[in-house]
């Protein structure tokens with residue numbers, strides 16, 4: 001579903017990603033772990049289509065097509081969803097209206113009819129109760145005044161509503177207490193389906209207790225320095241990231 | 254003066270009155286001779302004072318601090334005919350002329366309509382109210398010996414401080430009269446509509462008197478046909494007793510070729526609350542002056558403002574909140590949306606007198622620039638003479654937030670749609686404060702149409 005090949009990027013002239021290779025197939029869950037500054041959020045933003053990142057080398061294919069050529073809204077319509085680490089607050093834009101507009105845009109792209117306000121409300125309320133969200137948050141402005149945990153739930157709500165093929169969760173566990181984490185993880189796990197792929201980007205292993213990855217990759221200094229199965233996450237949790245430094249310097253993978 | 258109820262009004266579009274257009278004050282003598290011979294002497298004195306002051310002051314120039322960003326010299330070059338009640342020329346205005354121009358027909362069952370400043374019986378919807386409530390046209394009351402009108406008219410607006418108030422005073426003839434006695438809370442909003450026709454300069458004078466513990470909602474809506482060139486120069490005086498509450502809406506949807514200069518002067522009693530919603534969309538050149546004097550302890554006011562302009566439109570909002578007594582609160586939030594080569598001005602003055610201790614005042618102005626050719630001058634102006642006060646102010650000018658745009662696009666929403674949603678969202682932060690449902694919906698529709 002997603003093929004990242006030798007991806008290099010620059011931000012403000014500074015090289016951040018220095019040759020990423022990653023292959024994600026439908027039905028798989030991948031975790032990308034790494035310390036602060038390793039390039040995790042850059043990778044997320046490049047995949048989502050943020051314009052400030054310059055790709056200097058390499059390519060990204062999504063369902064066999066050149067992802068980097070697509071505008072952010074096209075990526076979303078084609079089935080990519082990024083749950084952001086810091087979802088923005090949008091004063092004056094009603095959350096319910098925002099969600100319905102997004103849903104209908106994506107439905108139209110798939111050749112489906114618009115969903116009307118009434119049916120939408122029924123649908124969204126079910127999704128909200130699944131992730132323990134107060135329906136009152138529909139009437140508020142998008143993320144405005146939401147707590148960190150509420151913002152993350154609002155991201156997961158969008159994911160379950162928009163039903164993407166490829167979901168990228170960027171530090172979704174940060175700011176969540178353990179109960180909220182379990183609820184969010186359960187929401188994501190409902191999405192583990194043979195035709196869907198999930199990429200979990202995280203600093204800590206904690207989230208992976210609840211969303212079990214098939215593959216774990218360690219990102220360090222803009223490169224994936226080690227890949228393995230879920231046991232790698234435990235190893236990182238125990239030994240920290242420092243031991244990888246040597247591995248990276250030795251060029252070992 | 255308007256004679257009786259059988260007056261019919263001229264055609265809306267490109268009215269040709271047959272009279273020669275005159276300079277701003279030029280019609281004074283002839284109108285005086287034709288219509289004002291039986292006016293009470295106190296009123297004649299008010300007009301005479303206005304005329305003399307305007308003659309002395311003339312139109313303001315940009316050399317004056319208060320007019321630094323707004324050039325009204327075009328008004329002096331333009332010629333407008335004097336307002337007059339029409340007996341001839343064209344067909345009478347019909348309900349349909351009004352309904353296609355109004356923001357919403359359902360704002361209130363009580364609607365007083367003024368055409369070129371003169372009351373129209375046929376277009377108005379009135380009602381009888383108990384408890385001594387009066388809502389009607391000043392014009393007919395000026396023919397009677399009405400002591401309350403005499404007491405309050407021209408008692409709050411200051412013709413010596415503002416040329417346009419002086420000009421308005423010179424031509425006081427008609428406008429809205431709203432009188433709410435002590436303790437009465439009028440639940441029906443008073444909808445005042447001012448429709449201007451091509452070529453006319455009009456000077457409506459409105460007086461709103463709200464007694465102790467009384468409450469009222471007043472909506473002033475200014476409209477005109479697209480393409481019509483005219484000058485509307487209204488002055489509204491509002492006197493609020495102790496504990497009175499007024500919700501005031503000013504909706505400016507003039508023709509985009511119109512000149513609109515308005516003064517709203519409010520005097521608030523102890524513990525009273527005044528809320529102003531200043532919502533502007535039309536006009537070639539617009540200047541709003543909204544002044545509230547908090548003269549009684551514990552009184553408060555809130556100024557909400559929204560304007561949305563494009564092309565070469567110019568809107569200047571000058572507000573003054575005068576804290577003249579202790580323990581008063583004021584809050585002011587103005588949002589401007591500017592496209593094309595539009596120019597906006599926000600000048601928000603907060604004046605705190607020595608005795609106005611424990612004043613709590615907050616002011617924010619935000620401008621959203623949709624085009625790089627638009628410009629705005631935002632100027633907070635704080636003059637504080639008390640030592641125990643809390644005054645904050647902030648002004649921002651910016652474009653559509655990139656992060657919000659990116660976030661919305663990452664959910665599949667197109668760039669254009671996201672921009673529209675964000676612009677509407679910016680406006681909604683003001684329109685959400687509108688309490689009247691029909692009015693708020695009308696405004697949201699207007700915003701949708703404009704984007």
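Chains as they are written, first to last, in my numbering: chain A, 1 to 253; chain B, 254 to 704.
Positions of the beta carbon are idealized from the N, C-alpha and C atoms, including for glycine.
What you are looking at is a predicted structure, and each value in this text was computed from that prediction instead of being measured.
Checklist entry - Taking Cβ to Cβ, would you say residue 197 (chain A) is nearer than 9 Å to residue 167 (chain A)? => result With respect to the 9 Å criterion, residue 197 (chain A) and residue 167 (chain A) are classified as neighbours on the basis of their beta carbons.
Checklist entry - Curious, which full-length beta strand (DSSP E) runs of at least 3 residues does the stretch 325 to 372 of chain B contain? => result 364 to 368
Item to check | Complete runs of the beta strand (DSSP E) confined to the stretch 206 to 237 of chain A [at least 3 residues] | outcome: If we require 3 residues or more, the beta strand (DSSP E) runs fully inside the stretch 206 to 237 of chain A come out as 215 to 220, 223 to 228.
Checklist entry - Out of B:310, B:631, B:335, B:374, which has the shortest C-alpha to C-alpha gap to residue 347 (chain B)? => result B:374
Checklist entry - If you draw a straight line from the alpha carbon of residue 687 (chain B) to that of residue 180 (chain A), how long is it in whole angstroms? => result 37 Å
Checklist entry - Are the CB atoms of residue 195 (chain A) and residue 27 (chain A) nearer to each other than 9 Å? => result The answer is yes: Cβ separation under 9 Å.
Next on the checklist: Can you pull the chain B neighbours of residue 233 (chain A), defined as C-beta to C-beta under 9 Å?
Outcome noted: Within 9 Å Cβ-Cβ: nothing; residue 233 (chain A) doesn't reach chain B, min ~27 Å.
Checklist entry - When DSSP labels each residue in this structure, what does residue 274 (chain B) get in the three-state scheme? => result Reliability fails at residue 274 (chain B), whose pLDDT of 44 lies under 50, so the model's placement of it is uncertain and the value that follows must be treated cautiously. Coil.
Item to check | Where the alpha helix (DSSP H) containing residue 303 (chain B) begins and where it ends | outcome: 294 to 310
Item to check | With 16 other Cβ atoms within 10 Å as the buried cut-off, status of residue 652 (chain B) | outcome: exposed
Checklist entry - Residues of chain B with a CB under 8 Å from the CB of residue 172 (chain A): which are they? => result None at all; the shortest Cβ gap to chain B is about 15 Å.
Item to check | Nonlocal neighbours in the same chain, by C-beta distance under 7 Å from residue 697 (chain B), ignoring five residues either side | outcome: 684
Checklist entry - Cβ atoms of residue 141 (chain A) and residue 87 (chain A): under 9 Å apart, would you say? => result Result no, Cβ atoms of residue 87 (chain A) and residue 141 (chain A) do not sit closer than 9 Å.
Checklist entry - Using a C-beta to C-beta distance shorter than 8 Å, which residues of chain B count as neighbours of residue 140 (chain A)? => result Per Cβ cutoff of 8 Å: no residues; residue 140 (chain A) is ~11 Å from chain B at best.
Next on the checklist: With a threshold of 9 Å between beta carbons, is residue 145 (chain A) in contact with chain B?
Outcome noted: False, the Cβ-Cβ gap to chain B never drops below 9 Å.
Checklist entry - Could you give the residue range of the alpha helix (DSSP H) that holds residue 687 (chain B)? => result No alpha helix (DSSP H) contains residue 687 (chain B), which DSSP labels as neither H nor E.
Checklist entry - residue 149 (chain A): which of A:15, A:116, A:114, A:133 sits nearest, CA to CA? => result Nearest C-alpha to residue 149 (chain A): A:133.
Checklist entry - In this structure, does DSSP put residue 76 (chain A) in helix, strand or coil? => result helix
Checklist entry - What residues from the stretch 643 to 662 of chain B come within 7 Å of chain A, judged by C-beta to C-beta, listed N to C? => result 656, 657, 659, 660, 662
Item to check | Boundaries (first-last residue) of the alpha helix (DSSP H) holding residue 100 (chain A) | outcome: 95 to 109
Checklist entry - What are the start and end residues of each continuous beta strand (DSSP E) run of 3 or more residues lying completely inside the stretch 605 to 668 of chain B, in chain order? => result Runs found: 612 to 622, 628 to 637, 642 to 651.
Next on the checklist: Is residue 87 (chain A) close to chain B? Criterion is C-beta to C-beta, closer than 9 Å.
Outcome noted: yes
Next on the checklist: Give me, in chain order, the residues of the same chain whose beta-carbon lies closer than 6 Å to that of residue 67 (chain A); leave out the 5 immediate sequence neighbours on both sides.
Outcome noted: 60
Next on the checklist: Using only CA atoms, which one of B:541, B:637, B:530, B:335 lies nearest to residue 585 (chain B)?
Outcome noted: B:530
Item to check | Classification of residue 193 (chain A) by the beta-carbon crowding that lies within 10 angstroms, buried from 16 upward | outcome: So residue 193 (chain A) counts as exposed.
Item to check | Contacting positions in the stretch 179 to 206 of chain A - beta carbon closer than 7 Å to chain B | outcome: none
Checklist entry - How would you label residue 413 (chain B), buried or exposed, when you count the other beta carbons within 10 angstroms and need 16 or more for buried? => result Counting of Cβ neighbours within 10 angstroms places residue 413 (chain B) among the exposed residues, the total staying below 16.
Checklist entry - Ordered along the chain, which non-local residues of its own chain (more than five positions away) have a Cβ less than 6 Å from that of residue 636 (chain B)? => result Cβ contact annotation for residue 636 (chain B) (same chain, cutoff 6 Å, sequence separation greater than five): 604, in chain order.
Item to check | DSSP state of residue 83 (chain A) mapped onto helix, strand, coil | outcome: strand
Checklist entry - Would you call residue 156 (chain A) buried or exposed, if buried means 16 or more other Cβ atoms sit within 10 Å of its Cβ? => result Buried: at least 16 other Cβ atoms inside 10 Å.
Checklist entry - residue 425 (chain B) CB to nearest chain A CB: under 9 Å? => result no
Checklist entry - Which residues, taken in chain order from the stretch 471 to 504 of chain B, show a beta carbon closer than 9 Å to some beta carbon of chain A? => result none
Checklist entry - How many whole angstroms separate the CB atoms of residue 597 (chain B) and residue 642 (chain B), which I take to be in contact at a CB cut-off of 8 Å? => result 28 Å between Cβ atoms; not a contact.
Checklist entry - Can you list the residues of chain A that residue 667 (chain B) reaches, using a CB-CB cut of under 8 Å? => result 73, 105
Item to check | Own chain partners of residue 600 (chain B) with C-beta closer than 6 Å, once the 5 adjacent residues on each side are dropped | outcome: 571, 632
Checklist entry - Given residue 39 (chain A), which residues of its chain have a CB within under 7 Å of its CB, disregarding the five upstream and five downstream residues? => result 16, 17, 219, 222
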